[in-house]
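Trainee: Each protein sequence line maps, in turn, to chains P and S. Adding 778 to a residue's 1-based position in the first sequence gives its number in the numbering used here. Adding 921 to a residue's 1-based position in the second sequence gives its number in the numbering used here. From the three backbone atoms N, C-alpha and C, an ideal C-beta is built for every residue, glycine too. Encoded as structure tokens, here's the structure I'll be asking about.
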Amino acid sequence: MTGRKFWFIWGGLFLAILVASALFGPFLSADPAKPDLYARLLAPSFAHPCGTDELGRDVLARLFSGGRISLAVAVSVVLLAGGLGIILGAVSGYWGGRLDSFLMRTVDVMNCVPTYFLILSLVVIIGPSLFNVVLVLGLTSWTGMARLVRAELLSLREREFVLAARAAGLPARRIIARHILPNLGTTILVASALLAGDAILIESGLSFLGLGVQPPVASWGNLLTSGHEYLQLAWWLIFFPGVAIFLAVASFNFLAEGLRDILDPRMRAGS
Amino acid sequence: MTLSVRNLRLWLRSPETGVPVEVLRGVSFELGEGGSLGIVGESGSGKTMSGLSLIGLLPEGARREGEIILGDRDIIGLRGDDIRAVRGKSIAMIFQDPATALNPLIRVGEQIAESLRTHEGKGQAEAARGAVEWLGRVGIDDPSGTAQKYPHQLSGGMRQRAIIAMALCCGPRVLVADEPTTALDVSLQRQVLDLIGEVRRSSNTALILVSHDLALVSNEVERIAIMYAGRVVEAGPTAEVVAGALHPYTRMLLKAVPAWKRGEPLESVPGAPPDFAALPAGCSFRPRCPLASDKCRQEPVPEQRGPRMVECWNV
């Protein structure tokens, strides 16, 4: 009882704070792009809760605007990769046969290449920008979702109500969309939450390496990059972005964990 | 519209070896407009597959041969949208377990309405009204309230009624009911069968009742076909088959029906159902047959005796 609710509540709470700060934070704090050379590298204080950076910009304000980027990346990647994974997985599982073999071998091939290097090389080729990061992440991280949806579909498609719907002559797209996918809701929700956490982590990593969001636009990843040069002078430059990334990824994972336990009827019956 | 199945053969790919195994070995039967036929046999005799074969709902890797003539056209070769137009519209099915044949996440009324929309081209509102009307026709007390409910909110009997409405709403010419009452309480079985009979007669729909229960089937249908190892071994008018069974297998099935007669032991059919991958040469019932003789090593030939058909060397 406490276990599954605990993860869900904390995950949800962190995430709610994150979303609220990304939405409303920028209106409450200073201009994240406005330098103030008289206020460089100030330690956290009442005026600057998370200190200022090497150009005197308010770190909290930059964290808020970086949060917008991270959430936007998470949402877009979930929509793109999740959507792609659901469609390809459903097609693969429902029709089977050669199309299924082709799609699943494609997944195998993509999983053979270390994902991070694949993403890195693609971003290098098409050039670093926020849009490209989302595109590359979307096109490389659908494989897990496709596998999952296909596996679930293989078992769902043998269920009697699906057979009954086929016997009633309903079109395949309607059977998939109305009869099968809604029964996959839990799985998709949990996988999406995990995908969102991964997307934030990878985007931060890419931005840290200078291949994601480009300065002066702030992202949690490139805040770390500029901060690590001043590590010995100003710990707050990397501490706060690091904590932000950690909390965002952890809260998505907690949320996924909690959702899985709460929505799984077997777990419910067990308590 | 008459349905005539001629020499239907079906191969399924064995899940272990991938080798095709012949599970329907030349099934033939006729069903007149509004007529009724019972297909009876043990588990694994091919009776369910005969039903599913009619509308081409077969597992991956299955292959069919023969003729399935509905009205004046052979529907065995139909694919895609053509066979989809037959399913539910010309030939409808009712499945065994009402608990699993309805989608748990969709309201009952909507599940009936979607057939009406697909086959009758009805709009959202009209189909919803049609669904409520059908729920009323199958004897549900509060049809408009029930239409808004999810399957788990209904009792087993109510669910089976909803499934009957779903199957019959588009006015099919043939209804295939595969063990429609096996999962129900005994007290409900008669009710549900009477309902199927009543609704189908009012629309002159033919019925194929698939069951292992010879006693149950014999009350409901005009003709009976007994299946063994993927073949019809005896067929004829119900009363004649029940009163004077010719095939030894049919006779053994009849002895296995409880008759409330004191003192007479209830018999079972000895032996196990046949393994399709290793059928004996000649008559496939030979290993379990009390009358088996040397002649039975040859393939038996169907013998027509008036309205009846039997496939045995010893009658």
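If you measure between the beta carbons of Pro1169 (chain S) and Pro1228 (chain S), is that distance less than 9 Å?
Mentor: Translated into the one-based positions of the second sequence, residue 1169 (chain S) becomes position 248. Translated into the one-based positions of the second sequence, residue 1228 (chain S) becomes position 307. For Pro1169 (chain S) and Pro1228 (chain S), no; Cβs fall outside 9 Å.
Trainee: Less than 9 Å between the beta carbons of Pro804 (chain P) and Arg835 (chain P), yes or no?
Mentor: Translated into positions along the first sequence, residue 804 (chain P) becomes position 26. Translated into positions along the first sequence, residue 835 (chain P) becomes position 57. No.
Trainee: Per DSSP, what kind of secondary structure is Ala1166 (chain S) in: helix, strand or coil?
Mentor: Counting from one through the second sequence, the residue named residue 1166 (chain S) turns up at place 245. Here Ala1166 (chain S) sits in coil by DSSP.
Trainee: If you count every other CB in all the chains shown that lies within 10 Å of the CB of Ala1047 (chain P), and 16 or more means buried, which is it?
Mentor: Position 269 of the first sequence, counted from the first residue, corresponds to residue 1047 (chain P). Legend: pLDDT at Ala1047 (chain P) = 44, less than 50; position of this residue unreliable, value from coordinates given subsequently. Note on Ala1047 (chain P): under 16 other CB atoms within 10 angstroms of its CB, so exposed under the neighbour-count rule.
Trainee: Shorter than 9 Å from the beta carbon of Val1007 (chain S) to some beta carbon of chain P?
Mentor: Here residue 1007 (chain S) refers to the residue found at position 86 of the second sequence. Yes, because at least one Cβ of chain P sits closer than 9 Å to the Cβ of Val1007 (chain S).
Trainee: For Arg937 (chain P) and chain S, any beta-carbon pair shorter than 9 Å?
Mentor: Translated into the one-based positions of the first sequence, residue 937 (chain P) becomes position 159. At least one chain S Cβ lies under 9 Å of Arg937 (chain P).
Trainee: According to DSSP, simplified to helix, strand and coil, what is Trp877 (chain S)?
Mentor: One cannot answer for residue 877 (chain S) here, as it falls past the ends of chain S, which runs 922 to 1236.
Trainee: With a threshold of 16 other CB atoms inside 10 Å of the CB of Ile1085 (chain S), please say whether the residue is buried or exposed.
Mentor: Within the second sequence, numbered from 1, the residue matching residue 1085 (chain S) stands at position 164. It counts as buried.
Trainee: Taking only runs that begin and end inside the segment 946-1025 of chain P, name each unbroken alpha helix (DSSP H) of 4 or more residues, in chain order.
Mentor: Qualifying alpha helix (DSSP H) stretches, in chain order: 963-986, 998-1006.
Trainee: Is Ala1146 (chain S) helix, strand or coil when you go by DSSP?
Mentor: Numbered from its first residue, the second sequence carries residue 1146 (chain S) at position 225. If DSSP states are grouped into helix, strand and coil, Ala1146 (chain S) belongs with the strands.
Trainee: If you pair each beta-carbon of the segment 1056-1069 of chain S with each one of the segment 1005-1019 of chain S, do three or more pairs fall below 8 Å?
Mentor: no
Trainee: Using a Cβ-Cβ cutoff of less than 8 Å, which residues in the same chain neighbour Gly860 (chain P) once the five nearest sequence positions on both sides are dropped?
Mentor: Position 82 of the first sequence holds residue 860 (chain P). Excluding sequence neighbours, Gly860 (chain P) sits near Trp920, Met923, Ile966, Ala969, Ser970, Leu973.
Trainee: Find the residues of chain P that neighbour Met1087 (chain S), judging by a C-beta separation of less than 7 Å, and give them in chain order.
Mentor: In the second sequence, residue 1087 (chain S) corresponds to position 166, counting from 1. What Met1087 (chain S) touches in chain P, judged by beta-carbon distance under 7 Å, is Ala946, going in chain order.
Trainee: Using a Cβ-Cβ distance cut-off of 9 Å, determine whether Ala868 (chain P) contacts chain S.
Mentor: As a working note, residue 868 (chain P) is residue 90 in the first sequence. Not an interface residue.
Trainee: Would you list the one or two residues that DSSP bridges to Phe909 (chain P)?
Mentor: As a working mapping, residue 909 (chain P) is identified with position 131 in the first sequence. Partner(s): none; Phe909 (chain P) has no beta bridge.
Trainee: To the nearest angstrom, how far is it from the Cα of Ala1049 (chain S) to the Cα of Gly1030 (chain S)?
Mentor: Locating residue 1049 (chain S) in the second sequence gives position 128, counting from the first residue. Locating residue 1030 (chain S) in the second sequence gives position 109, counting from the first residue. Each residue's alpha carbon lies about 7 Å from the other.
Trainee: For the putative contact between Val901 (chain P) and Val887 (chain P), defined by C-beta atoms under 8 Å, what is the C-beta separation to the nearest angstrom?
Mentor: For the purposes of this step, residue 901 (chain P) is identified with residue 123 of the first sequence, where counting begins at 1. For the purposes of this step, residue 887 (chain P) is identified with residue 109 of the first sequence, where counting begins at 1. With 8 Å as the limit, Val901 (chain P) and Val887 (chain P) do not qualify as a contact, their Cβ atoms being about 20 Å apart.
Trainee: Let me check understanding here. Comparing Cα to Cα, which of S:Lys968, S:Ser966, S:Pro936 lies closest to Pro980 (chain S)?
Mentor: Locating residue 980 (chain S) in the second sequence gives position 59, where the first residue counts as 1. When only C-alpha atoms are compared, the closest one is S:Pro936.
Trainee: Please confirm whether Pro1101 (chain S) and Phe1016 (chain S) have their CB atoms less than 9 Å apart.
Mentor: Numbered from its first residue, the second sequence carries residue 1101 (chain S) at position 180. Numbered from its first residue, the second sequence carries residue 1016 (chain S) at position 95. The answer is yes: Cβ separation under 9 Å.
Trainee: Just the C-alpha distance for Val891 (chain P) and Leu952 (chain S), rounded to the nearest angstrom, thanks.
Mentor: Your numbering for residue 891 (chain P) matches position 113 in the first sequence. Your numbering for residue 952 (chain S) matches position 31 in the second sequence. Going by the C-alpha atoms only, they are around 60 Å apart.
Trainee: Any C-beta of chain S within less than 9 Å: which residues of the segment 871-888 of chain P qualify?
Mentor: Gly874, Gly875
Trainee: Roughly how far, in whole angstroms, is the beta-carbon of Leu926 (chain P) from the beta-carbon of Ile958 (chain P), given that I think they are within contact range, below 8 Å?
Mentor: What you label residue 926 (chain P) is simply residue 148 of the first sequence in a count that begins at 1. What you label residue 958 (chain P) is simply residue 180 of the first sequence in a count that begins at 1. Contact between Leu926 (chain P) and Ile958 (chain P) does not hold, since their C-beta atoms are separated by about 14 Å, which reaches or exceeds 8 Å.
Trainee: If we cut at 9 Å on Cβ distances, does Ala929 (chain P) have a partner in chain S?
Mentor: Looking up residue 929 (chain P) in the first sequence gives position 151. No, its Cβ sits nowhere closer than 9 Å to a Cβ of chain S.
Trainee: Which residues does DSSP pair with Val1231 (chain S) in a beta bridge?
Mentor: Locating residue 1231 (chain S) in the second sequence gives position 310, counting from the first residue. In the DSSP output, where bridge partners are listed per residue, Val1231 (chain S) has S:Glu1155, S:Glu1224.
Trainee: Counting only beta-carbon atoms, is Leu1037 (chain P) nearer than 9 Å to chain S?
Mentor: Counting from 1 along the first sequence, the entry for residue 1037 (chain P) is found at position 259. Chain S, which has no Cβ nearer than 9 Å to the Cβ of Leu1037 (chain P), makes this no.
Trainee: Ser966 (chain S) by DSSP, collapsed to three states: which one?
Mentor: Taking the first residue of the second sequence as 1, we reach residue 966 (chain S) at position 45. Residue state, collapsed to three classes: coil.
Trainee: Output the distance between the C-alpha atoms of Arg1080 (chain S) and Ser1036 (chain S), rounded to the nearest integer angstrom.
Mentor: Along the second sequence, one-based indexing puts residue 1080 (chain S) at 159. Along the second sequence, one-based indexing puts residue 1036 (chain S) at 115. Computed Cα separation, rounded: 17 Å.
Trainee: Return the Cβ separation of Ala852 (chain P) and Ala1022 (chain P) in integer angstroms, given the expectation that the two are a contact with Cβ distance under 8 Å.
Mentor: Here residue 852 (chain P) is taken as the residue at index 74 of the first sequence, counted from 1. Here residue 1022 (chain P) is taken as the residue at index 244 of the first sequence, counted from 1. With a beta-carbon spacing of about 13 Å, Ala852 (chain P) and Ala1022 (chain P) fall beyond the 8 Å limit used to define contacts.
Trainee: Whose Cβ in chain S lies nearer than 7 Å to the Cβ of Ala942 (chain P)?
Mentor: Numbered from its first residue, the first sequence carries residue 942 (chain P) at position 164. Per Cβ cutoff of 7 Å: Phe1016, Ala1022.
Trainee: So, are the CB atoms of Phe939 (chain P) and Thr1021 (chain S) less than 9 Å apart?
Mentor: Indexing the first sequence from 1 puts residue 939 (chain P) at position 161. Indexing the second sequence from 1 puts residue 1021 (chain S) at position 100. Taking C-beta atoms as the reference points, Phe939 (chain P) and Thr1021 (chain S) count as a pair closer than 9 Å.
Trainee: CB-CB under 6 Å to Pro1019 (chain P), same chain, minus the five flanking residues each way: which ones, in chain order?
Mentor: In the first sequence, counting from the first residue as 1, residue 1019 (chain P) sits at position 241. Counting only Cβ-Cβ distances below 6 Å, and skipping sequence neighbours, we find Trp998, Leu1001, Leu1002.
Trainee: Output the distance between the C-alpha atoms of Leu815 (chain P) and Ala839 (chain P), rounded to the nearest integer angstrom.
Mentor: Within the first sequence, the letter at position 37 stands for residue 815 (chain P). Within the first sequence, the letter at position 61 stands for residue 839 (chain P). Their Cα atoms are separated by approximately 16 Å.
Trainee: Could you pull out every residue in the same chain whose Cβ sits closer than 8 Å to the Cβ of Met1230 (chain S), ignoring the five residues on either side in sequence?
Mentor: Taking the second sequence and counting its residues from 1, the one referred to as residue 1230 (chain S) is at position 309. Cβ neighbours of Met1230 (chain S) beyond the five flanking positions: Val1153, Glu1155, Ala1156, Gly1157, Pro1223, Glu1224.
Trainee: Quick one: list the residues of chain S neighbouring Arg951 (chain P), beta-carbon separation under 8 Å, in chain order.
Mentor: Within the first sequence, numbered from 1, the residue matching residue 951 (chain P) stands at position 173. The premise fails here: Arg951 (chain P) is roughly 12 Å from chain S at the closest Cβ pair, so nothing lies under 8 Å.
Trainee: Please list the segments of the alpha helix (DSSP H) lying wholly inside the segment 957-1002 of chain S, counting only runs of 4 or more residues, in order along the chain.
Mentor: Runs of the alpha helix (DSSP H) inside the segment 957-1002 of chain S: 968-975.
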